[in-house]
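These notes concern the structure reproduced below.
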Amino acid sequence: MSPVVHLAIATASFVGTHFLLSHPLRAPIVARTGEAGFLGLYSLIAAITLGWMIWVAWTMPPLAPYWVAPLWFFQWVAPILMLLASVLLIGANIGNPASPNPKGAFTVRPATGVFAITRHPMNWAFILWALTHIALTGSPRNLVIATGILILTFFGSILQDRKKQALLGDAWRGWETRTSFMPFGAIVNGKIPWRAAWPGAIPVLGGLALWAGASWLHPMAVGPWFWFG
1 MSPVVHLAIA TASFVGTHFL LSHPLRAPIV ARTGEAGFLG LYSLIAAITL
51 GWMIWVAWTM PPLAPYWVAP LWFFQWVAPI LMLLASVLLI GANIGNPASP
101 NPKGAFTVRP ATGVFAITRH PMNWAFILWA LTHIALTGSP RNLVIATGIL
151 ILTFFGSILQ DRKKQALLGD AWRGWETRTS FMPFGAIVNG KIPWRAAWPG
201 AIPVLGGLAL WAGASWLHPM AVGPWFWFG
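So this is what it looks like as structure tokens:
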């Protein structure tokens with residue numbers, strides 16, 4: 001088996017089990033094991049398949065890329081996109097206005113911060129990561145992993161909306177009408193004022209720290225390490 005095929009199988013296993021466990025298999029498994037049992041099984045399978053994918057990617061020999069982006073994309077476009085992704089990722093974990101309260105009742109507060117930018121900020125952080133890395137270099141390893149993450153997060157967002165519609169009904173549909181899947185879509189359409197899209201100090205500072213650290217780990221100078229020498 002070629003390393004690329006092996007990596008594709010590992011990546012497909014990671015993505016496929018996420019979809020199966022999150023949607024068609026969730027209800028029957030929860031009925032048998034309870035919520036805690038399901039979460040334990042879900043986490044175990046995710047860890048195994050992710051570890052498999054990382055191991056194959058780490059040990060496979062380097063292969064020539066099909067394309068490499070121009071230097072200006074490496075040094076300017078990619079860092080800006082990854083800064084936005086970093087802010088979205090940090091902000092997604094702070095004050096989700098579309099979360100059940102501790103008593104289990106669903107409440108929807110006004111969309112602010114990263115949720116004013118998109119109602120799926122965490123998934124869009126990974127979508128931006130995947131698209132950016134696909135554009136940067138077309139190596140087989142990079143293409144397989146980034147495409148897998150792109151499929152998981154893009155279609156996962158769509159399926160998540162459908163699941164929330166079924167579970168929460170009009171409350172979630174109302175949230176969808178006031179927000180957007182595409183970043184800045186609701187703002188451009190006038191549903192949300194631009195001022196509401198300020199992510200807040202913690203997401204911005206945390207995103208900057210994550211972005212700077214991840215940029216530093218890259219083998220070539222990118223982003224702030226290129227801009228400021």
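Positions 1 to 229 (UniProt numbering) are the ones given, in order, by the sequence shown. The beta-carbon is built from N, C-alpha and C at its ideal position, and this holds for glycine as well.
Of the residues Ala209, Gly37, Asn96 and Trp124, which one's Cα is nearest the Cα of Ala111? Counting from 1 along the sequence shown, the entry for residue 111 is found at position 111. The shortest C-alpha separation from Ala111 is found at Asn96.
Just to confirm the assignment: which complete alpha helix (DSSP H) runs, minimum length 4, are found wholly within the segment 109-194? 114-117, 121-136, 140-168, 170-178 and 185-188
Which of the three DSSP states, helix, strand or coil, is assigned to Val68? Within the sequence shown, residue 68 is the residue found at index 68, counting from 1. Reduced to three states, the DSSP call for Val68 is strand.
Just to confirm before moving on: does the CB-CB distance between Leu136 and Tyr66 stay below 9 Å? Taking the sequence shown and counting its residues from 1, one reaches residue 136 at position 136. Taking the sequence shown and counting its residues from 1, one reaches residue 66 at position 66. No.
Cβ neighbour criterion (16 or more within 10 Å) applied to residue 231: Residue coverage of the chain in this structure runs from 1 to 229, which leaves residue 231 outside it and unanswerable.
Test item: CB-CB of Ile48 and Ile202 under 9 Å: Working through the sequence shown from its first residue, we reach residue 48 at position 48. Working through the sequence shown from its first residue, we reach residue 202 at position 202. Result no, Cβ atoms of Ile48 and Ile202 do not sit closer than 9 Å.
contact_flag[the segment 52-71, the segment 160-178] where n(CB pairs < 8 Å) is 3 or more: By the Cβ criterion, the segment 52-71 is not in contact with the segment 160-178, since fewer than three pairs of Cβ atoms, one from each stretch, lie closer than 8 Å.
What separation, rounded to the nearest whole angstrom, lies between the Cα atoms of Ile145 and Phe14? If you number the sequence shown from 1, residue 145 lands on position 145. If you number the sequence shown from 1, residue 14 lands on position 14. The straight-line gap from Cα to Cα measures roughly 10 Å.
N-terminal and C-terminal residue of the alpha helix (DSSP H) that His18 is part of: On the sequence shown, residue 18 is found 18 positions in, with the first residue counted as 1. First-last of the alpha helix (DSSP H) with His18: Pro3 to Ser22.
Checking 9 Å against the spacing of the C-beta atoms, do Leu83 and Gly207 come in under that value? Position 83 of the sequence shown, counted from the start, is the residue given in the question as residue 83. Position 207 of the sequence shown, counted from the start, is the residue given in the question as residue 207. Result yes, Cβ atoms of Leu83 and Gly207 sit closer than 9 Å.
Could you pull out every residue in the same chain whose Cβ sits closer than 7 Å to the Cβ of Trp124, ignoring the five residues on either side in sequence? In the sequence shown, counting from the first residue as 1, residue 124 sits at position 124. Answer for Trp124: Leu88, Thr118 and Pro183, listed in chain order.
Would you mind listing the alpha helix (DSSP H) stretches within the segment 41-93 that are 4+ residues and don't spill past its ends, in chain order? 78-91
Count the other CB atoms within 10 Å of the CB of Gly104; is the residue buried (16 or more) or exposed (fewer)? By 1-based counting over the sequence shown, the position of residue 104 is 104. Caution applies to Gly104, whose pLDDT of 48 falls short of 50 and renders its modelled position unreliable; the value that the coordinates give is listed next. Residue burial annotation: Gly104 is exposed, with fewer than 16 other C-beta atoms found within 10 angstroms of its C-beta.
For a test of the three-state rule: what should DSSP assign to Trp198, helix, strand or coil? Taking the first residue of the sequence shown as 1, we reach residue 198 at position 198. Three-state DSSP puts Trp198 in coil, outside helix and strand.
Using the rule of at least 16 other Cβ atoms within 10 Å of the residue's Cβ for burial, across every protein chain shown, is Arg141 buried or exposed? Against the sequence shown, residue 141 aligns to sequence position 141. Buried: at least 16 other Cβ atoms inside 10 Å.
Rounded separation between Arg26 and Ala10 - CA only: Within the sequence shown, residue 26 is the residue found at index 26, counting from 1. Within the sequence shown, residue 10 is the residue found at index 10, counting from 1. C-alpha separation (whole angstroms): 22 Å.
With a threshold of 8 Å on Cβ separation, who are the neighbours of Ser45 within its own chain once the five nearest residues in sequence on each side are excluded? By 1-based counting over the sequence shown, the position of residue 45 is 45. First, the residue type needs correcting, since residue 45 is Ile and not Ser in the sequence shown. Once the five neighbours on either side are set aside, the close Cβ partners of Ile45 are Thr17 and Leu21.
Apply the 10 Å Cβ neighbour rule to Pro193 and answer buried if 16 or more other Cβ atoms are within range, or exposed otherwise. The count along the sequence shown starts at 1 and reaches residue 193 at position 193. Exposed.
Arg162 versus Gly185 - alpha carbon distance: Looking up residue 162 in the sequence shown gives position 162. Looking up residue 185 in the sequence shown gives position 185. Cα to Cα, Arg162 sits roughly 19 Å from Gly185.
Inter-residue CB distance, Ile127 and Thr147 (contact presumed, cutoff 8 Å): Here the question's residue 127 lines up with position 127 in the sequence shown. Here the question's residue 147 lines up with position 147 in the sequence shown. Actually they are not in contact, since the Cβ atoms of Ile127 and Thr147 sit about 12 Å apart, beyond 8 Å.
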